[in-house]
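Residue numbers (my numbering): -13 to 235. Quick reminder that beta carbons are idealized off the backbone N, C-alpha and C, glycines included. Predicted model, so just to flag it, every value in this text is computed and none were measured.
Written out as structure tokens, the structure is:
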């Protein structure tokens, strides 16, 4: 499985630039490679998610790109409300909510692609409301439909008037919070980790994240960040529609 760390290095390089952990890619790749879904793929995928976003957060903190107030509010409220969403997942019809999520993603991708953004910067008070309400809502919906929520933080911050690079950096902080929660909840069932593979993947993701986050902070322009993230959002939206709506059981 020598190719897995190499692939994850490339994934971490890209996703760290976007403020995303990458678990939505790591987990299926590990499962397709033959690892047990519950005891190997999910725990390792969530661990790599934390390594990626945490490493990127460290870089963005040094570059002073993070809006700490909004990021912490997002992270803490997502952490608290994800279990609430998971509790209601058996009551609320999730297919409709996934459709709403996909529609929101498509709209967000289009707005980022064309470069639309509010002209006026948000006040400190409004940013507090954004962190509380946005984090609570995304945490609840992420728990409801079983998603990490990272791909929705950046467009919400961007549409609220936060610069694209700052939005991606702040998202990395929020995703680290939610990722730690998910990892802790799944590590208990990882009975027999392949420590060699886990170690190789952690090192690869850390290096990819460091290179990607430094590249975004120092070389990449805000317009390029928007274009790349818009493409990723389009892919996420189409996967949601095809996998979880059209072909959902």
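For residue i and residue j, what's the separation of their Cα atoms in angstroms?
| i | j | result |
| --- | --- | --- |
| residue 5 | residue 73 | 27 Å |
| residue 100 | residue 150 | 13 Å |
| residue 228 | residue 86 | 14 Å |
| residue 18 | residue 62 | 33 Å |
| residue 220 | residue 148 | 21 Å |
| residue 38 | residue -8 | 14 Å |
| residue 52 | residue 191 | 21 Å |
| residue 9 | residue -6 | 10 Å |
| residue 113 | residue 46 | 19 Å |
| residue 11 | residue 97 | 24 Å |
| residue 205 | residue -4 | 17 Å |
| residue 55 | residue 232 | 39 Å |
| residue 207 | residue 213 | 10 Å |
| residue 68 | residue 128 | 6 Å |
| residue 197 | residue -1 | 6 Å |
| residue 144 | residue 137 | 12 Å |
My output table needs one value for residue i: the three-state DSSP class, helix, strand or coil.
| i | result |
| --- | --- |
| residue 202 | helix |
| residue 149 | coil |
| residue 108 | coil |
| residue 102 | coil |
| residue 179 | coil |
| residue 230 | helix |
| residue 92 | helix |
| residue 51 | coil |
Cβ atoms of residue j and residue i: under 8 Å apart, would you say?
| i | j | result |
| --- | --- | --- |
| residue 42 | residue 168 | no |
| residue 121 | residue 160 | yes |
| residue 173 | residue 14 | no |
| residue 65 | residue 125 | yes |
| residue 188 | residue 33 | yes |
| residue 95 | residue 216 | yes |
| residue 36 | residue 166 | yes |
| residue 49 | residue 152 | no |
| residue 157 | residue 2 | no |
| residue -13 | residue 193 | no |
| residue 162 | residue 40 | yes |
Got a sec, what are the start and stop residues for the alpha helix (DSSP H) residue i sits in?
| i | result |
| --- | --- |
| residue 59 | 54 to 74 |
| residue 18 | 9 to 18 |
| residue 39 | 28 to 48 |
| residue 0 | -11 to 3 |
| residue 78 | Element bounds for residue 78: n/a, residue is neither H nor E. |
| residue 226 | 208 to 227 |
Classify residue i as buried or exposed, calling it buried when 16 or more other Cβ atoms lie within 10 Å of its own Cβ.
| i | result |
| --- | --- |
| residue 225 | exposed |
| residue 155 | buried |
| residue 116 | buried |
| residue 230 | buried |
| residue 241 | Lying before the first or after the last residue shown, residue 241 is absent from the chain, which here runs from -13 to 235. |
| residue 164 | buried |
| residue 185 | exposed |
| residue 109 | exposed |
| residue 142 | buried |
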